[in-house]
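Taking it in order: structure first as structure tokens, then the write-up.
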Amino acid sequence: MLKYIISLAFFLGIISLAAQSKSIDTQSKDTVVYEQAYGLRVGIDLSRLVMSSLNENYTGLELVGDYRITQDLYLAAELGNENKTQQEDLYEFNTTGSYLKIGVDRNTYANWYGEQNLIFYGGRLGFSTFGNTINNYQIFDNNRYWNPEGFATASETPEEFNGRTASWIEALFGTKVELLPNIYLGASIRLGFLFTDANEGRFPILYVPGFNKVTWDSKFGVGYNYSISYFLPLYKKKNKVKKIAGEAVE
Amino acid sequence: MVIEFFDVNDRESPKNVTALRVVGQGQTITVNTLADRTNLNLITVPLKTSEDRTGFLLISNSDDNDDGSEIGNIDTVTFDYARLEDFKSRACGFIVNYEELTGTLQTDTNNWIQEVEIIRSEIINSDSTHVKIYH
Numbered sequence: 001m002l003k004y005i006i007s008l009a010f011f012l013g014i015i016s017l018a019a020q021s022k023s024i025d026t027q028s029k030d031t032v033v034y035e036q037a038y039g040l041r042v043g044i045d046l047s048r049l050v051m052s053s054l055n056e057n058y059t060g061l062e063l064v065g066d067y068r069i070t071q072d073l074y075l076a077a078e079l080g081n082e083n084k085t086q087q088e089d090l091y092e093f094n095t096t097g098s099y100l101k102i103g104v105d106r107n108t109y110a111n112w113y114g115e116q117n118l119i120f121y122g123g124r125l126g127f128s129t130f131g132n133t134i135n136n137y138q139i140f141d142n143n144r145y146w147n148p149e150g151f152a153t154a155s156e157t158p159e160e161f162n163g164r165t166a167s168w169i170e171a172l173f174g175t176k177v178e179l180l181p182n183i184y185l186g187a188s189i190r191l192g193f194l195f196t197d198a199n200e201g202r203f204p205i206l207y208v209p210g211f212n213k214v215t216w217d218s219k220f221g222v223g224y225n226y227s228i229s230y231f232l233p234l235y236k237k238k239n240k241v242k243k244i245a246g247e248a249v250e
Numbered sequence: 251m252v253i254e255f256f257d258v259n260d261r262e263s264p265k266n267v268t269a270l271r272v273v274g275q276g277q278t279i280t281v282n283t284l285a286d287r288t289n290l291n292l293i294t295v296p297l298k299t300s301e302d303r304t305g306f307l308l309i310s311n312s313d314d315n316d317d318g319s320e321i322g323n324i325d326t327v328t329f330d331y332a333r334l335e336d337f338k339s340r341a342c343g344f345i346v347n348y349e350e351l352t353g354t355l356q357t358d359t360n361n362w363i364q365e366v367e368i369i370r371s372e373i374i375n376s377d378s379t380h381v382k383i384y385h
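Printed below as a string of structure tokens:
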């Protein structure tokens with residue numbers, strides 16, 4: 001009996017030695033590679049659609065799109081058209097035109113595994129061609145002696161200013177959240193700086209399609225959009241692992 | 251438009267008009283930019299923004315008689331001009347500036363005004379005198 005116990009102990013010892021001879025791999029390679037989807041996202045601005053249906057003096061449409069080029073960087077563009085009539089105190093005018101904005105978005109949101117959401121900042125170059133029409137206007141006069149009932153009407157005949165252009169740059173901050181697979185809901189706020197001199201000519205530029213309201217004596221403007229878009233995945237690519245500076249390279 | 255009154259005999263020295271009353275031609279009330287029936291040598295009057303001509307009845311020694319009619323000396327001066335529309339601001343919209351201003355005195359049997367002289371034919375603000383009237 002003792003003989004068996006000794007030989008069993010010996011045997012187990014050999015087994016354990018044999019097992020020990022092969023070192024335990026505590027850093028085994030994960031062979032499952034997570035690949036991120038790259039592609040084109042196209043959509044439409046919801047706010048301009050809603051405004052068009054609620055406000056009879058406004059119709060607008062904006063198509064939005066972006067194309068992912070690196071892990072964080074997206075080429076982005078907006079293409080739109082607006083027709084807006086505004087009644088000011090002493091004049092009513094219309095602005096009708098189209099615009100195009102091109103730029104980049106940079107995602108700053110570190111997604112969890114499987115997520116593809118964006119919290120981004122970006123920049124755009126904007127360009128618009130449009131026309132103004134003054135539908136009617138009165139003459140402002142700080143003395144009411146000659147027109148006690150109201151300001152003198154100067155014109156009821158529409159006066160057109162065609163072929164106007166404006167360009168600007170825009171800084172924006174926004175988000176795009178994947179609501180359903182490949183369906184994204186987005187929002188952005190934008191601060192624009194107008195290059196064009198708005199006060200030239202008989203009638204100044206008071207509104208630029210895409211840029212929004214031009215504030216008197218100011219180059220800055222603000223805008224926003226709420227978009228819904230569809231992401232069309234074109235290919236998948238592994239995320240590049242960033243090398244941490246100072247780490248020994250084998 | 252700023253009108254200044256000078257002495258016709260000493261053309262450099264301002265001269266008050268006694269009990270001056272100013273009524274716009276076609277209006278029934280006095281001009282609202284000066285104190286009625288006071289002695290003044292400088293007044294500001296409003297021009298029409300919708301027509302190229304504005305007339306004023308300038309009344310010196312203005313007073314009413316017992317039945318309420320004017321007994322002062324009424325002289326009529328008509329101003330003609332060209333109007334220039336200018337977009338002032340987003341809030342105001344268009345205003346009118348004036349240029350090519352001319353003034354005409356209607357002669358009657360007893361004019362108290364002797365001469366109307368245009369100093370500045372462009373009216374963009376009310377900072378300086380545009381018209382000198384000698385009496």
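These protein sequence lines are chains S and B, in that order.
Counting from 1, position 59 in the first sequence corresponds to residue 59 in the working numbering; the numbering is continuous, with no gaps.
Heads up: take any position in the second sequence, counting from 1, add 250, and you land on the working numbering.
By construction, the Cβ of each residue, glycine as well, lies at the ideal position given by its N, Cα and C atoms.
### Query
S/Asn199 to B/Thr278, Cα distance in whole Å?
40 Å
### Selection of the segment 341-366 of chain B by Cβ proximity to chain S, strictly under 9 Å
Ala341, Cys342, Gly343, Phe344, Ile345, Val346
### Task
Can you give me the Cβ contacts of B/Val327 inside the same chain, cut-off strictly under 8 Å, excluding the 5 residues immediately before and after it?
Gly305, Phe306, Leu308, Gly353, Thr354, Leu355, Gln356, Ile363, Val366, Ile383
### Query
Applying a beta-carbon distance threshold of less than 9 Å, which residues of chain B neighbour S/Tyr89?
Note on residue identity: the sequence assigns Asp, not Tyr, to residue 89 of chain S. Here the neighbours are Ala341, Cys342, Gly343.
### Query
So B/Asn347 packs on B/Asp336, CB below 8 Å; how close in whole Å?
6 Å
### Query
Going by alpha carbons, who is nearest to S/Glu160 out of S/Asp141, S/Leu194, S/Thr96?
S/Thr96
### Query
Does the beta carbon of B/Val273 come closer than 8 Å to any beta carbon on chain S?
no
### Message
Between the alpha carbons of S/Pro181 and S/Glu35, how many angstroms are there, rounded?
### Response
16 Å
### Task
Would you please verify whether the beta carbon of B/Asn323 is less than 8 Å from any beta carbon of chain S?
no
### Message
Just to check my reading of the structure: S/Ser227 and S/Ile102 have Cβ atoms closer than 8 Å, yes? What is that Cβ distance to the nearest angstrom?
### Response
That pair is no contact at about 16 Å.
#### Entry: Whether S/Leu67 touches S/Tyr58 by CB criterion (8 Å)
The sequence given here has Tyr at residue 67 of chain S, not Leu. No.
### Task
Determine the chain S residues that contact B/Ser300 at a beta-carbon separation under 8 Å, and present them in chain order.
Ile139, Trp146, Asn147, Ala152, Thr153, Ala154
### Task
Using beta-carbon positions only, say whether S/Phe211 and S/Leu185 come within less than 8 Å of one another.
no
#### Entry: Own chain, CB closer than 8 Å to B/Val273, minus 5 neighbours either side, in chain order
Ile279, Thr280, Val281, Phe306, Leu307, Ile309
### Task
Could you say which of S/Val104, S/Pro233, S/Tyr137, S/Thr108 lies nearest to S/Ile169 if we only look at CA atoms?
S/Val104
### Cα-Cα separation between B/Ala269 and B/Asp317, rounded to whole angstroms
19 Å
### Message
So within the segment 26-75 of chain S, which uninterrupted alpha helix (DSSP H) runs reach at least 4 residues, ignoring any that extend past its ends?
### Response
46-54
### Message
Counting beta carbon pairs with one atom in the segment 229-236 of chain S and one in the segment 140-154 of chain S, are three or more of them shorter than 8 Å?
### Response
no
### Message
Can you list, in chain order, the residues of its chain with a C-beta nearer than 7 Å to that of S/Leu46? Leave out the 5 residues immediately preceding and following it.
### Response
Tyr226, Ser227, Ile228
### Task
Say whether chain S places a C-beta atom closer than 8 Å to the C-beta of B/Asn375.
no
#### Entry: Coarse secondary structure for B/Ser312, derived from DSSP in three states
coil
### Below-8 Å beta-carbon distance, B/Glu335 vs any chain S residue
yes
### Task
Give a yes or no on whether the C-beta atoms belonging to S/Thr175 and S/Ala166 are separated by under 8 Å.
no
### Query
Contact check, S/Gly192 vs S/Phe220 under 8 Å by CB: the rounded distance?
7 Å
### Message
Which residue wins for smallest C-alpha separation from B/Val252, given the options B/Leu297, B/Glu301, B/Asn361?
### Response
B/Leu297
### Query
Considering S/Lys236, what are the terminal residues of the beta strand (DSSP E) in which it resides?
220-238
### Query
Does DSSP classify S/Ser98 as helix, strand or coil?
strand
### Message
Need the endpoints of the beta strand (DSSP E) that S/Ala110 sits in, please.
### Response
Per DSSP, S/Ala110 belongs to no beta strand (DSSP E) and is neither H nor E.
### Query
Quick one: is B/Thr283 near chain S, going by C-beta distance under 8 Å?
yes
#### Entry: Among B/Arg287, B/Ala332, B/Glu301, the one whose alpha carbon lies nearest that of B/Glu320
B/Arg287
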